[in-house]
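Residue numbers (this note's numbering): -10 to 531. Where a beta carbon is used, it is the ideal one built from N, C-alpha and C, also for glycine. Below is one structure; the comments refer to it alone.
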């Protein structure tokens, strides 16, 4: 059999005047001599989809700069050998099915892990450099000993029995000393900082930030502390802290909160825009993420309109139209326009909202049908949801229903479970806003995360007085279905805040009491630190 195969190869080589021989080694693509650079040859077996796929992987791994032409060359063989040596494989340079499977199952995850590690190192270096460059943030990198934290005042049981914000914060800090993993401890400290800011404890929050080891979370904590100071109505302190944040995106979120607070304080009779508005819009125009910038602009515009400042709101949205420039992808552009259409509808600018809807046209059909255009399913669903909300606000329920149906279809293309669940929650909220709770709950039933299901129902219940009792009962039922005591307590603290913001103080206190009940059963120090800080945050807001 081997002699027959060799003879066949020799005859083939003689006929085609090329030394090409396919090895009996299954799954391998081998060429004895690669064509010279630039030469055009259409020989039998010269092109291989297997080789092309391997080339694509090696290019993805930054091990091969050449385009994927599906032809084996000396450069490709050397890149294969390098990959094989990197992963402890036999470095024979062969393009085989086994090699392709290894790249899919082992090489790609390893390359992703390496890229994430490199990105983390780069982000950490940039964050450290930025914090050290500012005299007002250098001390935040001191990292004192967390073991110095001790219990102050009430015990944990006594605090939960008669809670006050300070004892809850103290218990949260004490719990962090028992968290062994530094990244978990950092995350818990970040939540504690938020509660300390809401309480107005600037000195204490800076001391907590100094305990955080990950300098990237130091910057995030500065943002959340500044927003907490805004919520505590300490605008000067918030502004001062915002100026120390060495990141445009995080600083923009703080300026947005300050702008809203300034507008609410000034009231509808103010003749000038909020002082921070020009700086905010300048920052938003520089952000790398136009979708995030548009969402911030839309939120600020909506709040300014509620404060009786429709003119300022319209100016913000007009400027936001430029956030998605000509270089933006179709999905990004559609998402930005969808956000802005919804924002115009929210502030009563029906002409502008309809103009954007006309500009968008009948989107959804082509993008769902053509996979090559569906670059970001998550963004696409977000755009469809925003457009449906705008159409509903314009009174066009038929179009809104049609777009929501397409959004559901598009959500099937989202592969990450959390992203898919979040998209479904957004769709459900649009249905609830119409209001059509039958459709809303039909979508909620498809959400896999029980915690997100419960959070979504609570948003319905907190914002709707006409059917509040029925919806609140469903929200409690959905919360009871969540297995984790920490998750249940977290959901209930968030719900209590939402109820309080909607003027339902009595319901808020009752739900907060339910959160305390579940918090008592949380044992892990990691979870205890987080739930105590969340309880403190909620109690301050109540």
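What did DSSP end up calling residue i once you bin it into helix, strand or coil?
i, result
"residue 85", "strand"
"residue 180", "helix"
"residue 15", "Residue placement at residue 15 cannot be trusted, given a pLDDT of 41 that sits under 50; the coordinates are not used to answer."
"residue 354", "Low confidence applies here, because residue 354 scores a pLDDT of 39, under 50, leaving its location unreliable; read the following figure in that light. In the structure shown, residue 354 sits in a helix (DSSP, three-state: H, G or I)."
"residue 312", "coil"
"residue 511", "coil"
"residue 538", "Nothing in the structure corresponds to residue 538, since the chain is present only between -10 and 531."
"residue 123", "coil"
"residue 375", "helix"
"residue 328", "helix"
"residue 291", "helix"
"residue 491", "coil"
"residue 404", "coil"
"residue 263", "coil"
"residue 188", "coil"
"residue 0", "For residue 0, the predicted model reports a pLDDT of 40, less than 50, meaning its position is unreliable; a value from the coordinates is still stated below. Three-state result, residue 0: helix."
"residue 76", "coil"
"residue 561", "Not covered by the structure: residue 561. The range shown for the chain is -10 to 531."
"residue 336", "coil"
"residue 105", "helix"
"residue 432", "helix"
"residue 516", "helix"
Roughly how many angstroms lie between the CA atoms of residue i and residue j, to the nearest whole one?
i, j, result
"residue 148", "residue 463", "30 Å"
"residue 153", "residue 258", "38 Å"
"residue 373", "residue 75", "44 Å"
"residue 160", "residue 133", "19 Å"
"residue 38", "residue 59", "6 Å"
"residue 492", "residue 272", "34 Å"
"residue 620", "residue 303", "Only positions -10 to 531 of the chain appear in this structure, which leaves residue 620 out of reach."
"residue 277", "residue 264", "24 Å"
"residue 205", "residue 412", "27 Å"
"residue 87", "residue 108", "30 Å"
"residue 123", "residue 313", "32 Å"
"residue 342", "residue 325", "13 Å"
"residue 116", "residue 429", "42 Å"
"residue 319", "residue 311", "14 Å"
"residue 346", "residue 418", "20 Å"
"residue 236", "residue 505", "36 Å"
"residue 330", "residue 307", "11 Å"
"residue 387", "residue 344", "18 Å"
"residue 477", "residue 450", "16 Å"
"residue 299", "residue 293", "7 Å"
"residue 340", "residue 305", "16 Å"
"residue 414", "residue 433", "7 Å"
"residue 185", "residue 163", "14 Å"
"residue 221", "residue 526", "11 Å"
Taking the beta carbon of residue i as the centre, do at least 16 other beta carbons fall within 10 Å, making it buried, or is it exposed?
i, result
"residue 512", "exposed"
"residue 54", "exposed"
"residue 337", "exposed"
"residue 239", "buried"
"residue 144", "exposed"
"residue 522", "buried"
"residue 369", "buried"
"residue 431", "exposed"
"residue 249", "buried"
"residue 51", "exposed"
"residue 170", "exposed"
"residue 348", "exposed"
"residue 470", "exposed"
"residue 96", "buried"
"residue 251", "buried"
Between which two residues does the alpha helix (DSSP H) carrying residue i extend?
i, result
"residue 423", "Counting along the chain, residue 423 falls outside any alpha helix (DSSP H), and DSSP gives it neither H nor E."
"residue 61", "Here residue 61 belongs to no alpha helix (DSSP H), and DSSP marks it neither H nor E."
"residue 237", "237 to 255"
"residue 267", "266 to 275"
"residue 444", "439 to 451"
"residue 154", "154 to 165"
"residue 214", "204 to 220"
"residue 150", "145 to 150"
"residue 386", "386 to 400"
"residue 227", "224 to 231"
"residue 346", "339 to 349"
Could you tell me how far apart the beta carbons of residue i and residue j are, in whole angstroms, since I believe they sit closer than 8 Å?
i, j, result
"residue 198", "residue 219", "Not confirmed; about 17 Å, so no contact."
"residue 215", "residue 243", "4 Å"
"residue 120", "residue 113", "In fact, because the Cβ distance is near 11 Å, the residues do not count as touching under 8 Å."
"residue 524", "residue 157", "5 Å"
"residue 393", "residue 409", "Contact doesn't hold; Cβ gap of about 16 Å is too wide."
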